[in-house]
Amino acid sequence: MRFFRALAVASLLAGSAGSATAHHVDPFEVVQQIYEKFKNGASYPETRAMFSRLLRDAAHDGKLDADFGIVYAMYSDLTRYDGNPAFALQLADEGLALLVNAPQPDEDMKNSLLVSRAYALAELGRYQEAIDSVTITAVWMGERFGEKNRTDLEAAAKGWAEAAGAGGASLPSAVQLSVDLLNKAQDAYDRQDTQSAIMLASRGMLPEGTNLEKASVAFQNARAQMILGTAYAFEGRGALAMTALRRAADLLAGEPWDGKSKAQLLAAIRDDRNTWNVPWSVFSQIAGLASAAGQIELSAAALDTAEEFATSPDNRFLLLSQRAALALGRDDFAGAQKTFADAEAQALASGDARNAALSRFYSAVAKLQAGDGDPAGPDGEAVLKAATAYADLPDAALQNAEYALATAVRMVVDKTGSTAAAMPYARRAFEVFRQRQQAYANYDAAQESGRRSSRRFLEVFIGGAYDEAKPPQ
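If you're matching positions, the sequence shown starts at 15 in the working numbering and goes up one per residue.
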């Protein structure tokens, strides 16, 4: 019975559970208690009620720790055996969402939930989805618990293939399934469905230390981490984004990267131009996040690594812009303005009005940041107008438009100590922010991003209201 197999996984994991003891309810301890009651005659409905009560009562600060994935796995299995595979699937998906959004996802528990998910899908007649859910997991199962567990799971998947009318056709390889899942994850991200992108990318990761080809495993897992990092960054979760991207960098290098010097990537990746979009995206995003956080050394090392893989005009423009931002971070204002001017010239030469406008905005920022401009006069106004000019372009990315407007507003307010000049631009920035929230394909992701991002607008608006209400001195 899968309920008992899930408990075996729980027992193996309980010894290494790191954060459960920090929670006011230890899920492993309570799961053991529930299992004992089930073994001693508790009915399915009684046992399901115990799991439901555990999930309802255990949350603190409105959230559950990732260790509660084991609760979802066993609750899902029990529910399926009690004849409700649809609810079992929902529980497995909720458990996976809990895990993949954790700072340190537990691969063992993730794969256990994927097995629960696969069986629920199969009982619902969704055989191909069940096969997709379990093919990579079977490789992990063999490595983690022995070859018999892998062959048993693959036998179940072949049975599902026959039930689907595939005539016993061979199952897809783990690597090919990883490629397919990551393609779907990228498509989901392109639709701004970050929640689906995160879930699919997590499922697309391959187990290490198996007989799968090492370079393929490293590349696919790096691509998965890249998509995770990109999605987290889009949602405003910078710390999680950096963690995922640094993991991707380590995979591409074949060893931990020190973040202080140019990374030396695996030969299989350096020699295959078809893979270069992954190292470019990974290291250019690390550079951007590091620069924003003031981590100048890390940003410089990431840019040095990314430069080799900047093959398109857009990538080369972004590289120039990031070099200029790096100079700005080093207080080399003259160097920053020159590099932004070069980037603008390059964009204009290629007919790229969007990137030319973005360069003009950054150049205005560099001049004002240098301290030789008048924030309350034409130089502050130039930053605000340059941001607006970019946001007005029909092909301006909403995320970049919001960033440019919000940055301009914040910079002028900080340097002048007044919200008067910036208030109309703050309203425009907030409107773009709202448009971006509405563009999210997933409501929960939009709400979470909104909670993280709205504070900076509220500060400006509240400050402006205070200035207007304050009596003259």
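Glycine included, each C-beta is placed from N, C-alpha and C at the ideal position. On a predicted model such as this, the values are computed, not experimentally measured, just so you know.
Segment limits, alpha helix (DSSP H) that includes residue i
i      : result
GLY250 : Premise fails: GLY250 is in no alpha helix (DSSP H) and is neither H nor E.
PHE82  : That residue, PHE82, is in no alpha helix (DSSP H); it is neither H nor E in DSSP.
LYS162 : 161-177
ARG67  : 58-72
GLN200 : 188-204
MET425 : 412-430
SER295 : 291-306
TYR356 : The question names Tyr, but residue 356 is Asp in the sequence shown. Where ASP356 is concerned, the enclosing alpha helix (DSSP H) stretches over 347-363.
GLU50  : 41-53
GLY223 : That residue, GLY223, is in no alpha helix (DSSP H); it is neither H nor E in DSSP.
ALA320 : 310-320
ARG368 : 367-383
GLY109 : 99-114
ASN402 : In the sequence on display, residue 402 carries Thr and not Asn. Element bounds for THR402: 392-405.
ALA132 : 121-137
ASP285 : Here ASP285 belongs to no alpha helix (DSSP H), and DSSP marks it neither H nor E.
PRO327 : 327-343
Integer Cβ distance of residue i from residue j, believed to fall under 8 Å
i      : j      : result
ASN197 : LEU220 : Not quite, the Cβ-Cβ distance comes to about 15 Å (not below 8 Å), so this is no contact.
LEU239 : ARG261 : Before going further, note that residue 239 is Gln rather than Leu in the sequence given. Right, their Cβ atoms sit about 5 Å apart.
LEU334 : MET213 : Between MET213 and LEU334 the Cβ distance is about 35 Å, and since that is not below 8 Å, they are no contact.
LEU78  : LEU112 : 6 Å
GLN351 : SER377 : 6 Å
ALA150 : LEU191 : Checking the sequence, you will find Ile at residue 150 rather than Ala. With a Cβ gap of about 6 Å, ILE150 and LEU191 count as contacting.
GLY243 : ALA255 : 5 Å
LEU412 : VAL446 : 6 Å
VAL44  : MET88  : The pair is not a contact, with the Cβ atoms about 11 Å apart (cut-off 8 Å).
ARG368 : ALA410 : 6 Å
PRO293 : PHE323 : 5 Å
GLN142 : ALA100 : With a Cβ gap of about 17 Å, GLN142 and ALA100 do not count as contacting.
VAL426 : VAL397 : 6 Å
ILE310 : GLY343 : 5 Å
Cβ-based burial, residue i [other Cβ within 10 Å; buried from 16]
i      : result
SER295 : buried
SER147 : buried
ALA253 : exposed
GLY156 : buried
PHE471 : For PHE471, the pLDDT reaches just 46, beneath the cut-off of 50, and the residue's location in the model is therefore unreliable, although a value from the coordinates is still provided. So PHE471 counts as buried.
GLY394 : buried
GLU358 : buried
LYS53  : exposed
ASP286 : exposed
GLN209 : buried
ASN288 : exposed
LYS274 : exposed
ASP345 : exposed
LYS124 : buried
SER305 : buried
ASN225 : exposed
ALA169 : exposed
ALA314 : buried
ALA320 : buried
GLY434 : Sequence check: residue 434 is Ala here, not Gly. The residue is exposed, with fewer than 16 neighbouring Cβ atoms inside 10 Å.
PRO117 : exposed
ARG83  : Per the sequence presented here, residue 83 reads as Gly, with Arg not at that position. With 16 or more Cβ atoms within 10 Å of its Cβ, GLY83 is classed as buried.
ALA60  : According to the sequence shown, residue 60 is Glu rather than Ala. So GLU60 counts as exposed.
PRO392 : exposed
Neighbourhood of residue i by C-beta, 6 Å cutoff - its chain only, sequence neighbours within 5 removed
i      : result
LEU362 : ALA370
TRP271 : ALA263, ASP264 and ALA277
ARG164 : ALA152, MET155 and GLY156
Cut-off 8 Å between Cβ atoms - residues of its own chain near residue i, not counting five sequence neighbours on either side
i      : result
ALA355 : SER373 and SER377
SER90  : ALA102, LEU103, LEU105, ALA106, GLY109, LEU127, SER130, ARG131 and ALA134
ARG94  : ARG16, ALA102, SER130, TYR133, ALA134 and GLU137
TYR58  : LEU92, TYR95 and ASP96
MET64  : ILE48, LYS51 and ALA56
SER326 : none
ALA36  : Bear in mind that the predicted position of ALA36 carries a pLDDT of just 48, short of 50, making it too unreliable to give a figure here.
Contacting residues, own chain, Cβ-Cβ under 7 Å from residue i (five flanking each side not counted)
i      : result
ALA384 : PHE347
PRO186 : THR149
ILE241 : LEU196, ALA199, GLN200, TYR203, ALA211 and ALA215
THR353 : LEU334, ARG337, ALA338 and ALA341
ILE145 : ALA171, TRP174, ALA175 and LEU185
ILE476 : Model confidence at ILE476 stands at a pLDDT of 43, short of 50, so the residue's coordinates are unreliable; what they give is reported in the following sentence. Excluding sequence neighbours, ILE476 sits near nothing in its chain.
ASN329 : TRP294
ALA229 : LEU280 and ALA282
TRP290 : PHE323 and THR325
Exercise for the section: Determine contact between the segment 55-75 and the segment 111-130, defined as no fewer than three beta-carbon pairs at a distance below 8 Å. Expected result: The segment 55-75 makes no contact with the segment 111-130, as fewer than three CB pairs between them are under 8 Å.
Practice task
Determine contact between the segment 284-299 and the segment 338-358, defined as no fewer than three beta-carbon pairs at a distance below 8 Å.
Solution key: Taking 8 Å as the limit for Cβ pairs, the verdict is that the segment 338-358 does not touch the segment 284-299.
Exercise for the section: May I ask you to verify whether the segment 133-151 touches the segment 224-235, counting CB pairs closer than 8 Å and requiring at least 3? Expected result: no
Practice task
Please confirm if the segment 418-432 is in contact with the segment 396-404, defined as three or more CB-CB distances below 8 Å between the two stretches.
Solution key: yes
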